[in-house]
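Student: Going by UniProt numbering, the first residue of the sequence shown is number 1, and it counts up by one from there.
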Amino acid sequence: MAMEGYWLFLTLLVSALLVGFLSVIFTLVWVLHYREGLGWDGTELEFNWHPVLLVTGFVFIQGIAIIVYRLPWTWKCSKLLMKSIHAGLNAVAAILAIIALVAVFDNHNVNGIPNMYSLHSWVGLIAVICYLLQLLSGFVVFLLPWAPLSLRAFLMPIHVYSGLVIFGTVIATVLMGVTEKLIFGLRAPASYSTFPPEGVFANSLGLLILVFGALIFWIVTRPQWKRPKEPNSTLLQPNGGTAEGARGSMAANSGYNMDKSDSELNNEVAARKRNFALDEAGQRSTM
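Below you can see the structure in the form of structure tokens.
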């Protein structure tokens, strides 16, 4: 099936991938060039893993996971395969987010810095918890074959809406974190208000993340780019009915076919009886 507006979709997709990849590169340049690198020793080097892992996993990989169903080249793939890819990407993003939280808590504890006092930390922790709950519920309801179709149909709009809300919250949290780090990290004479190179560079990183989020939102909210329904889903729910209604309809059709075949069989037997009676009468008359 051809996608409507394919070339526009392809342009936006390539733009999103490019901007997202640049966001990851900018984050690495920021911590390696301006923040002295990476490490795992409780110092600022360990803290630097926090922005790198969050931008890579919670922003870039999560964004790709959101639009993976929109890729027209995957429409011929099975829905189960696409669900597995979607869940796998989100699982990788969740793991990276958890490691990022461990890095910042470990750095704060080693250096005696209070935890969870800023709005950035509050919103960020809420986003991680909601993301984990979203991942768990999606795995149980949509990936495993136990949930009934009625429950999946009811939860699907909630799952989609909450996923977009979480992604938007993550974007806002990252932007708050970048600003907070620049305010606390830049000292006089190169304070944040003097437009130092690091401040300008990190602000550019924030703009890239914002543009990436906007592109993902636009791609995923266009109805013409939605993955087409599979034929078997139409058979399961004819005319908007439920699976039970479909089974009832199949049973009714089966009963109708059985009644029709029984009627044809009875007519054939009756015809044979009439022919046999005529033959017997003819034999008696000749005798």
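Glycine residues also receive a C-beta, built at the ideal position from the N, C-alpha and C atoms.
(1) Using the C-alpha atoms, what's the distance from Val24 back to Pro196?
(2) Would you report the Cα separation of Asp106 and Gly42, rounded to the nearest angstrom?
(3) Pick from Phe201, Ile216, Leu207: whose alpha carbon is nearest that of Leu186?
(4) Can you tell which of Asn115, Gly177, His86, Leu18 has the C-alpha that lies nearest to the C-alpha of Gln62?
(5) In this structure, how does DSSP classify Asp106 when only helix, strand and coil are distinguished?
(6) State the Cα-Cα distance for the pair Val220 and Val14, rounded to the nearest angstrom.
(7) Whose C-beta lies closer than 6 Å to the C-beta of Ala65 among residues of the same chain, with five residues either side of it excluded?
(8) Quick check on this structure: which residue in Gly138, Tyr161, Leu164 has the alpha carbon closest to the alpha carbon of residue 288?
(9) Is it buried or exposed for Thr173, if we count other Cβ within 10 angstroms and need 16 for buried?
(10) Quick one: complete alpha helix (DSSP H) runs, 4+ long, within the segment 99-161?
(11) How big is the Cα-Cα spacing for Ile113 and Trp30?
(12) Between Pro51, Thr56, Arg70, Tyr69, which lies nearest to Lys181 when the distance is taken from Cα to Cα?
(13) Go ahead and pull the three-state DSSP assignment for Ser191.
(14) By how many angstroms is the C-alpha of Leu32 removed from the C-alpha of Leu18?
(15) Evaluate Leu10 with the Cβ neighbour count: other Cβ atoms within 10 Å of its Cβ, from every protein chain shown; 16 or more gives buried, anything less gives exposed.
(16) Specify, as a first and last residue, the run of the alpha helix (DSSP H) that Tyr6 falls within.
(17) Among Leu8, Ala100, Gly213, which has the Cα closest to the Cα of Trp49?
(18) What three-state label does DSSP hand Arg70 in the structure shown?
(19) From what residue to what residue does the alpha helix (DSSP H) around Glu198 run?
(20) My output table needs one value for Ser78: the three-state DSSP class, helix, strand or coil.
(21) Counting only the same chain and skipping the five closest in sequence on each side, list residues whose C-beta sits under 6 Å from that of Val110.
Tutor: Walking through what the data contain:
(1) 21 Å
(2) 6 Å
(3) Phe201
(4) His86
(5) Residue state, collapsed to three classes: helix.
(6) 14 Å
(7) His86, Leu89, Asn90
(8) In the structure displayed, the chain extends from 1 to 287; residue 288 sits before or after that span and is not available.
(9) buried
(10) 119-138
(11) In a straight line, the C-alpha of Ile113 is about 22 Å away from that of Trp30.
(12) Pro51
(13) coil
(14) Those two C-alpha atoms are separated by around 21 Å.
(15) exposed
(16) 6-29
(17) It is Ala100.
(18) helix
(19) 197-220
(20) coil
(21) Gly42
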